[in-house]
Amino acid sequence: MEFINNRQLADREVLTQLYTDYTTHYEKVAEYYAGNVKDPEAWKRKFTELQSKHYDRNTLTRVLHQQNKDFHSGIRTLANIDLLGNDNCFAVVTGQQLGLFGGPLYTIYKAVTAVKLAQRLSQEYPDHHFVPVFWLEGEDHDFDEINHVKFINNANELSQITYLLGGKPLERNIGAVGTAELDEHIVSFFQSLDLQLPATDYTAQLSELLKGYYRQGSTFLKAFAGFFNHVYEDSGLVFVNANVPELKRQLAPLFRQEILSNAEASKLVIQQSVELEEHYHAQIKAKALNLFMFYKGGRHLIEPSDSGDYYLKNLRQRYTKDELLAIAAETPEILSPNVVLRPLCQDTLFPTAAYVAGPGEIAYYAQLKPVYRYFSIPMPLIYPRASVTLMEEKVAKVLEKYSLETIDLFGDVEPVLTKVSEQVSEVKVDALFESLTVKLNEAVNEARFGIQQIDPTLNGTVDSTISKFLQQLDVLKQKTQKAQQQKEEISLKQIRKASVNIFPNGNFQEREFTVVQYLNKYGPDFVKWVANEITIDKFQHQVLTL
25 MEFINNRQLA DREVLTQLYT DYTTHYEKVA EYYAGNVKDP EAWKRKFTEL
75 QSKHYDRNTL TRVLHQQNKD FHSGIRTLAN IDLLGNDNCF AVVTGQQLGL
125 FGGPLYTIYK AVTAVKLAQR LSQEYPDHHF VPVFWLEGED HDFDEINHVK
175 FINNANELSQ ITYLLGGKPL ERNIGAVGTA ELDEHIVSFF QSLDLQLPAT
225 DYTAQLSELL KGYYRQGSTF LKAFAGFFNH VYEDSGLVFV NANVPELKRQ
275 LAPLFRQEIL SNAEASKLVI QQSVELEEHY HAQIKAKALN LFMFYKGGRH
325 LIEPSDSGDY YLKNLRQRYT KDELLAIAAE TPEILSPNVV LRPLCQDTLF
375 PTAAYVAGPG EIAYYAQLKP VYRYFSIPMP LIYPRASVTL MEEKVAKVLE
425 KYSLETIDLF GDVEPVLTKV SEQVSEVKVD ALFESLTVKL NEAVNEARFG
475 IQQIDPTLNG TVDSTISKFL QQLDVLKQKT QKAQQQKEEI SLKQIRKASV
525 NIFPNGNFQE REFTVVQYLN KYGPDFVKWV ANEITIDKFQ HQVLTL
């Protein structure tokens, strides 16, 4: 196993400075968060704070039992739900949108991190119990975020297949994507997948598995949870769908306070963002009211108007403040939090000791600390999820052949192509043109002396001439490099394929690929193998060789 330091990745501009400081120099960002996950005292303070708060554990465990039985969860999950009924039990939460086939690989890494962290905390703090929880983010209305899969196809190229609900791109807001039902067009989606996925000993079994969960009539939420439970069986992970009346009623006081607050949460986010942007970046933008409403099949932002009333964005539907307060009290299930309030909803329902977050989430939690304080909700410790690149043996051999490191492919591949081209060529283009430039400068300096003796006013013309010549020389160098690359196309083709595998679309593999291509090649136990190999406490990028 190989580990790559996050600061090295930040130097290559593939990680943000905020995330890098969070994982390598926490003291630089400590003011924005609730505590350092490397500090045992921070954990103990969090446990004490959570035990001072009241949670409706009876309602929570009853709903979780119903949902997880419906998701075909195992005995360990049901036992963990029972533990949540105890006052000395805390949650280790993570979550993600409901991408097809589990979404990007990092979704699995988040779940694995949550499971392993809960296990580790249970060992380190035996007076408490810890349960891993996965928040099914099914209330989002951005269908384009979850309707496709990316993988390496049978031509060894990056491929994307998109599921079109209704047979064409959506032109309307369909509301909570978790409740969207797969229609007959899932058949053509699978036909495309079957044509492009390389045939292996596991392909038929995998196809049957996928079609069993992602079948016509199933919702995205149920298909996601069922599939995830299958590939990560017996993990003990507890799934929660908060978009149900029983849990939304628990959130009604939070919704009420947001409506009454006169945009206080948004003001706090803005103030925090101003401070944050002195050194880092702001990840999210708050709205005047951080709530959506489900209305006539869509999910619409609630916006205040100058009159003091509220309107649903892009609609004429109007509400007074009293009407919104009545909705929060009587039918809170038709309200939905945005990115600012969603974490607070999670931590209203659960005694959350830690949230397992990716780089983007760690960035937006930095903006939320004063919001947690305003709503009197304990902010969890933020635990970085495992970050992983899966290195197939054939790719590892290519890197070894050309004396490359994994990190060399994290970023622009062109310098790597040039390096390899020169490596396999007898002519070293960089050295050739460097030598030519040195000799040219020597010749110019020698000629400049004589020209100045003849006419000193020509010195500017000499500088202009040599500048133009150096520009043309650089053009010639680039053309020479391109010609050399064409000559060495076999080697360069290997590098490009390795790059597509390691850093597809100029992005980390974990953000692009789904698990499908690996289940297809390595079999149904692949996720369990990855879970066993992943290390969660180094906070570095891991490279797992398959």
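In case it helps, the numbering used here puts the sequence shown at residues 25 to 570. Note that beta-carbon positions come from the ideal geometry of N, C-alpha and C, so glycine has one too.
Which same chain residues end up closer than 8 Å to Q5 when comparing Cβ atoms and leaving out the 5 residues on each side of it in sequence? Residue 5 falls outside the range modelled here, since the chain spans only 25 to 570, and no answer is possible.
Coarse secondary structure for V262, derived from DSSP in three states: strand
Beta-bridge partners of Q26, as assigned by DSSP: Correcting the residue identity first, residue 26 is Glu in this sequence and not Gln. Answer by DSSP bridge pairing, in chain order: V567.
Is Q220 near V293, with beta carbons less than 8 Å apart? no
CB A387 to CB Y43, shorter than 8 Å? yes
Does the pairing of the region 93 to 108 with the region 225 to 239 give three or more beta-carbon distances under 8 Å? no
Would you mind sorting R323 into buried or exposed? The rule is 16 or more other CB atoms within 10 Å of its CB. buried
To which residues of the same chain is T376 closer than 6 Å at the C-beta, ignoring the five residues directly before and after it? A115, V117 and P404
Continuous alpha helix (DSSP H) assignments of at least 4 residues falling wholly in the region 175 to 242: 210 to 220 and 227 to 237
Could you tell me whether the Cβ atoms of F167 and L124 are closer together than 8 Å? no
Pick from Q496, Q240 and C113 that is closest to Y187, judged by C-alpha positions: Q240
Once the 5 residues before and after F252 are set aside, which same chain residues still bring their CB inside 6 Å of it? G126
Give a yes or no on contact between the region 129 to 149 and the region 82 to 96, applying the rule of three or more CB pairs nearer than 8 Å. no
CA-CA distance, F213 and E438? 34 Å
When DSSP labels each residue in this structure, what does T559 get in the three-state scheme? coil
Grab me the residues of E270's own chain with a C-beta within less than 7 Å of its C-beta, minus the 5 sequence neighbours each way, in chain order. T83 and V87
Contiguous alpha helix (DSSP H) assignments of at least 4 residues, all confined to the region 34 to 82: 41 to 48 and 64 to 75
Between the Cα of D432 and those of Q495, A200, T355 and R520, spot the shortest distance and give me the residue it belongs to. R520
Do Q505 and V453 count as a contact pair if the criterion is CB distance below 8 Å? yes
Count the other CB atoms, across all protein chains shown, that sit within 10 Å of the CB of A179; report buried if there are 16 or more and exposed otherwise. exposed
Roughly how many angstroms separate the alpha carbons of L129 and T538, rounded to a whole number? 5 Å
Whole-angstrom distance between L368 and L349, CA atom to CA atom: 19 Å
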